[in-house]
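Every letter in the sequence shown is one number past the one before it in the numbering used here, and letter 123, counting from 1, is 733.
Built from N, CA and C at the ideal position, the CB exists for glycine as well.
Just so we're clear, the structure is a prediction, and the values are computed from it rather than from any experiment.
Working notes, beginning with the structure itself.
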Amino acid sequence: MDRAEIVDIPKAELHVHIEGTLEPELAFLLARRNGLTLPYADSTELRARYAFTSLQSFLDLYYGLMDVLRTAEDFRDLTTAYLDKARQDGIRHAEIFFDPQAHLRRGVPLEAMLEGFGAAIAASEGPSAYLIPCFLRDLGPGAAMDTLDELLPYADRFAAVGLDSAEAGHPPEPFADVFARARAAGLPAVAHAGEEGPSDYVRQALVSLHARRIDHGVRCLDDPELVLRLAAEQIPLTVCPLSNVMLGGVARIEEHALPRLLAAGLTVTLNSDDPAYFGGYLADVYQHVARTFGYDIATMRAFGETSIRASFLPAAEQQRLL
Ligand code: ES4
Ligand code: ZN
611 MDRAEIVDIP KAELHVHIEG TLEPELAFLL ARRNGLTLPY ADSTELRARY
661 AFTSLQSFLD LYYGLMDVLR TAEDFRDLTT AYLDKARQDG IRHAEIFFDP
711 QAHLRRGVPL EAMLEGFGAA IAASEGPSAY LIPCFLRDLG PGAAMDTLDE
761 LLPYADRFAA VGLDSAEAGH PPEPFADVFA RARAAGLPAV AHAGEEGPSD
811 YVRQALVSLH ARRIDHGVRC LDDPELVLRL AAEQIPLTVC PLSNVMLGGV
861 ARIEEHALPR LLAAGLTVTL NSDDPAYFGG YLADVYQHVA RTFGYDIATM
911 RAFGETSIRA SFLPAAEQQR LL
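Right, here's the structure in full:
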């Protein structure tokens, strides 16, 4: 199937980190604008470093490069670039992660982030966009609770709260109180789990955080009972196949768990995760998946429909996009 058919599929992106849409060229532009010097000669040299061996090896570069994001205008320009790309890929709705702690700890106020995101979304000709702040799990539940204190005055600007960053050794359960407090303020939970961490972290995200979606979740297949529960409760998995290949979760896309997740009856959506780093935006992800697994256009359209139904959009709005 050609790219135009892929673009034409009504779809939502439910797993994209706005900081992961920072292209090398924009990073250099923002560095210049903010009087900063990057430790790379140019965008070609920077791109050459995108040979990751693990989630942590990616995160080390990623948290460093986002230091160029300083002002509301920086967050606006980053978000505008993503929304333009998303529109070109036929994305009708995006639920966008951001990492408040990664910016707060560099002295960037939450207001600068929100002003920038808001300006880009307001000026955009589409897609519609929701924001999901994520807690950095490796900084622990205390830091997450402090961050939630800062977020709650702006709770009406968010669709949910999430959990991301280095997974191994950082289980969801200790964050139960943080997510309970967010839930009491009307913010449902999503959580990265089962990306590089064990299937038990997926179970904890469901039981302790009441996660409404699982980000990645591919490792759930190690626990047949958990798979049955995810299927029965129709918990969507926001799967990111190119990301899993780039971070070494699987050696080649042909070996990705996607067909096994579908065969198990799970609710699976396709997503880009950090498209500036992982070799493609959402239409590229759909195209790789269709080619690799020989899926026909009806199967690919079903991924799109599932993604819209798995969004936090109200039912009437979902219906309008389908
Ligand atoms: C991430 Cl691929 C991935 N996993 C966990 N946290 C993240 N933050 C940005 N990309
Ligand atoms: Zn992610």
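Item: Quick check on the DSSP output: the beta strand (DSSP E) that includes H627 runs from which residue to which?; Value: 621–627
Item: Whose CA, out of T916, L852, V878, lies closest to the CA of G827?; Value: V878
Item: Does the count of Cβ pairs from the region 715–729 and the region 912–922 closer than 8 Å reach three?; Value: no
Item: Going along the chain, which unbroken runs of the alpha helix (DSSP H) with 4 or more residues stay wholly within the region 750–800?; Value: 750–761, 786–794
Item: Give the straight-line distance between the Cα atoms of S734 and P649, rounded to the nearest whole angstrom.; Value: 33 Å
Item: Less than 9 Å between the C-beta atoms of H820 and F789, yes or no?; Value: yes
Item: Looking only at its chain, what residues have a beta carbon closer than 7 Å to the beta carbon of H780, apart from the 5 residues adjacent to it on each side?; Value: R747, D748
Item: Mapping the DSSP letters down to three states, classify I845 as helix, strand or coil.; Value: coil
Item: Compute the Euclidean distance between the alpha carbons of A622 and V837, then round it to the nearest angstrom.; Value: 24 Å
Item: Tell me, to the nearest whole angstrom, how far the beta carbon of A795 is from that of L847; I am working on the premise that it is less than 8 Å.; Value: About 26 Å separates the two Cβ atoms, so there is no contact after all.
Item: Is the beta carbon of H826 within less than 8 Å of some heavy atom of the ligand ZN?; Value: yes
Item: Name the residue from E635, A732, Q928, M856 whose alpha carbon lies nearest to the alpha carbon of D884.; Value: M856
Item: Check whether the Cβ atoms of L693 and A730 sit closer than 9 Å, and answer yes or no.; Value: yes
Item: Is the beta carbon of V678 closer than 9 Å to that of A641?; Value: yes
Item: Note down, in chain order, each residue of its chain lying with its Cβ closer than 7 Å to the Cβ of A873, except the 5 sequence neighbours on either side.; Value: none
Item: Shorter than 8 Å, the distance from the beta carbon of D670 to the closest heavy atom of the ligand ZN, or not?; Value: no
Item: Can you check whether the C-beta of A801 is within less than 9 Å of a C-beta belonging to chain C?; Value: Protein chains in the displayed structure number just one, and chain C is not present.
Item: At which residues does the alpha helix (DSSP H) containing T654 begin and terminate?; Value: 653–658
Item: Could you tell me if V800 is buried or exposed, where buried requires 16 or more neighbouring beta carbons within 10 angstroms of its beta carbon?; Value: buried
Item: Going residue by residue through the region 824–889, where are the continuous alpha helix (DSSP H) segments of at least 4 residues, counting only ones entirely within it?; Value: 834–842, 851–856, 868–873
Item: Are three or more beta carbon pairs between the region 624–633 and the region 809–819 nearer than 8 Å?; Value: no
Item: Does the ligand ZN have even one heavy atom less than 8 Å from the beta-carbon of F685?; Value: no
Item: Can L665 and F708 be called in contact, C-beta distance under 9 Å?; Value: no
Item: Between the Cα of Y672 and the Cα atoms of D687, F685, I628, A696, which residue gives the shortest distance?; Value: I628
Item: Sorry if obvious, but does the Cβ on L857 come closer than 8 Å to a heavy atom of the ligand ES4?; Value: yes
Item: Taking the alpha helix (DSSP H) that E683 belongs to, which residues open and close that run?; Value: 682–698
Item: In whole angstroms, what separates the C-alpha of L656 from that of A925?; Value: 43 Å
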